[in-house]
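Take a look at the structure set out below.
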Amino acid sequence: MGAGCSKPAAEVSYTYSVNIVTAVDQRDTRVAALQQEEVMMDELLHAVGIQSVAQPRGEEVVLTSFNNVIATKSKTWHLYINNTLTPLTQLEHMPVRASDTIEWKYESQ
């Protein structure tokens with residue numbers, strides 16, 4: 017390159033994986049490449065094409081629908097981050113990192 021020219025910086029992207037388990041033998045994995053190493057959960061769900069509906073319940077929220085699967089009296093959606101059950105707060109205020117193992121499970125309450 018000539019004087020005064022510089023090589024453009026390579027854009028870095030981070031790969032996020034979201035695992036969805038609706039039954040023991042029914043798994044779906046969605047992947048997104050995003051430019052931030054940390055994003056809010058609602059941004060990540062939007063990036064991987066998952067729609068969710070949440071209802072506030074005290075300081076937590078309950079997902080009434082996730083990926084077009086509706087919660088029932090006997091089964092609901094639980095979030096596991098790094099294999100740990102994580103209380104659901106407002107998804108727009110819940111940070112996740114590309115290095116996290118993110119798994120949504122539809123399971124008994």
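Going left to right, the sequence shown walks through residues 17 to 125 as my numbering numbers them. Where a beta carbon is used, it is the ideal one built from N, C-alpha and C, also for glycine.
Asked: Taking the alpha helix (DSSP H) that Glu59 belongs to, which residues open and close that run?; Found: 57-63
Asked: If you draw a straight line from the C-alpha of Thr92 to the C-alpha of Leu107, how long is it?; Found: 16 Å
Asked: For the beta strand (DSSP E) containing Ser35, list its first residue and its last residue.; Found: The residue asked about is misnamed: residue 35 is Asn in this sequence, not Ser. First-last of the beta strand (DSSP E) with Asn35: 30-39.
Asked: Grouping DSSP H, G and I as helix and E and B as strand, with all else coil, what is Glu75?; Found: coil
Asked: Do you know how far the Cα of Ile66 is from the Cα of Asn84?; Found: 8 Å
Asked: Looking at the secondary structure, which residues open and close the beta strand (DSSP E) in which Ala114 lies?; Found: Segment: none, Ala114 is in no beta strand (DSSP E) and carries neither H nor E.
Asked: Leaving out the 5 sequence neighbours to the left and right, which residues in its chain are closer than 6 Å to Gln125 when beta-carbon positions are compared?; Found: Thr92
Asked: With DSSP collapsed to three states, give me the class of Leu50.; Found: strand
Asked: Could you check how far apart the C-beta atoms of Arg113 and Glu53 are, in whole angstroms? I think they sit under 8 Å.; Found: 6 Å
Asked: If you drop the 5 nearest sequence neighbours on each side, which residues of the same chain put their C-beta closer than 6 Å to that of Val34?; Found: Arg46, Val64, Ile118
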